[in-house]
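Asks: Numbering (this note's numbering), first residue to last: 246 to 472.
First the structure, then my questions, so here it is.
Rendered as structure tokens:
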């Protein structure tokens, strides 16, 4: 069977309170270019658990399933599909019942924020090296407008600027890695910028820092070779 996989853990570290959550992930790439992310996310302080399966053709969204549990109770679950000019969501949400959504898109969705922090880094695949230092990216869909992804899941849309800061070698609990450092400028939403360090090519998360949640997200364990 022609496939390649790697897995690991990301720790969520609050500036003052220390470890506040974690994320286990597996990424599988297939010979035909498809990529599947599976992630389980836990946030101790807000008692949020999230299970996600997200499939892409390269880095272009195709399908996702998201299930959210808050304080031990089912909050919502949704199935998302994406094609050339449309995104769809079928969800069941606590207190809201079944929700069906269809959103027209100007071409295939460019990226999808499914809310594992691993997926935040995949937006960097939209950056065109050799172009302007700061670039606007649009047609990015998401499953929740909440910073912690605790609402929905339902279709929403983002747009923001990505700025390439440079190549940096950084050390995290999983080791020392050569990375690309990007800044996501989120001032359109009144949010502080998100600092993102990824492995070139795979866009594997090495570190994120976001002042909105006063949290660093660091690669704590890595098994296999991201590509």
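C-beta: ideal position from N, C-alpha, C; glycine also.
Let me know if residue 410 comes out buried or exposed under the rule of 16 or more other beta-carbons within 10 Å of its beta-carbon.
Replies: Exposed: under 16 other Cβ atoms inside 10 Å.
Asks: Does DSSP classify residue 372 as helix, strand or coil?
Replies: It is coil, neither helix nor strand.
Asks: Confirm, please, whether the CB-CB distance from residue 471 to residue 449 is below 8 angstroms.
Replies: Cβ atoms of residue 449 and residue 471: closer than 8 angstroms.
Asks: If we call anything under 8 angstroms between Cβ atoms a contact, is residue 331 one with residue 316?
Replies: In this structure, residue 316 does not lie closer than 8 angstroms to residue 331 by Cβ.
Asks: Give me the residue from 270, 259, 358, 248 with the minimum Cα distance to residue 468.
Replies: Nearest C-alpha to residue 468: 270.
Asks: Can you find the residues in the same chain that come closer than 6 angstroms, C-beta to C-beta, to residue 445, ignoring five residues on each side of it along the sequence?
Replies: These residues qualify, in order along the chain: 425.
Asks: On the CB-based measure, 16 or more other CB atoms within 10 Å of its CB, does residue 349 come out buried or exposed?
Replies: Classification of residue 349: exposed, given that the 10 Å Cβ count is below 16.
Asks: Out of curiosity, what's the CA-to-CA distance linking residue 370 and residue 406?
Replies: For residue 370 and residue 406, the distance between alpha carbons rounds to 13 angstroms.
Asks: Closest to residue 253 by C-alpha separation, out of 284, 260, 261, would be which residue?
Replies: It is 284 whose Cα lies nearest to the Cα of residue 253.
Asks: In the structure shown, what three-state DSSP assignment does residue 448 receive?
Replies: Note: residue 448 maps to coil in three-state DSSP.
Asks: Do residue 362 and residue 258 come within 8 angstroms of each other at the CB atom, strictly closer than that value?
Replies: Going by C-beta atoms, residue 258 is not nearer than 8 angstroms to residue 362.
Asks: Could you give the first and the last residue of the continuous beta strand (DSSP E) run that contains residue 334?
Replies: Element bounds for residue 334: 331–338.
Asks: Hey, how far is the Cα of residue 416 from the Cα of residue 344?
Replies: Each residue's alpha carbon lies about 43 angstroms from the other.
Asks: Considering just the uninterrupted stretch of the beta strand (DSSP E) at residue 457, what are its terminal residues?
Replies: It is not in any beta strand (DSSP E) - residue 457 carries neither H nor E in the DSSP assignment.
Asks: Where does residue 342 land, buried or exposed, given buried means 16+ other C-beta within 10 angstroms?
Replies: Exposed, since its Cβ has fewer than 16 Cβ neighbours within 10 Å.
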